[in-house]
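So the sequence shown is residues 1091 to 1160, counted in our numbering.
For every residue, glycine included, the Cβ atom is placed at its ideal position computed from N, Cα and C.
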Amino acid sequence: MAYYAHFWRNFEEYRLPFDTVDDAVDYLREGSDASTLSVIDVLDEDGTVVLEGDSLSDAFRSSRLRAASA
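This is how it looks when you write it as structure tokens:
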């Protein structure tokens, strides 16, 4: 199953595919932290929202912890 990092960059909307939710979250977190994109959500391959809002913010915190322990 594919997951999509859904975001805005330079006034264009993107959906970038990833193999796992964690990979999509890591990409969005890194881009958000670097101010290179504006996060929308994480989608599954059917376009259903998997993470958004507070749940996505919680996933960002987990992503930071994974990155710090790597």
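Of the residues the options, the one placed nearest residue i, counting alpha carbons only
i, options, result
"I1130", "D1123, G1143, N1100 and D1136", "G1143"
"A1092", "A1160, R1099, L1106 and F1101", "L1106"
"S1122", "F1097, A1157 and L1155", "F1097"
"L1146", "A1158, Y1117, E1103 and E1102", "Y1117"
Own chain, CB closer than 6 angstroms to residue i, minus 5 neighbours either side, in chain order
i, result
"D1148", "none"
"S1153", "V1115, D1116 and R1119"
"A1127", "Reading off the sequence shown, one finds Leu at residue 1127, where the question assumed Ala. Same-chain partners within the cutoff: F1097, R1099 and G1121."
Secondary structure of residue i, DSSP reduced to three states
i, result
"E1120", "helix"
"L1141", "strand"
"A1157", "helix"
Which residues DSSP lists as bridging residue i, in chain order
i, result
"A1095", "L1106 and V1132"
Same chain, Cβ closer than 8 angstroms to residue i, five either side skipped, listed in chain order
i, result
"L1133", "Y1093, Y1094, H1096, R1105, V1139 and V1140"
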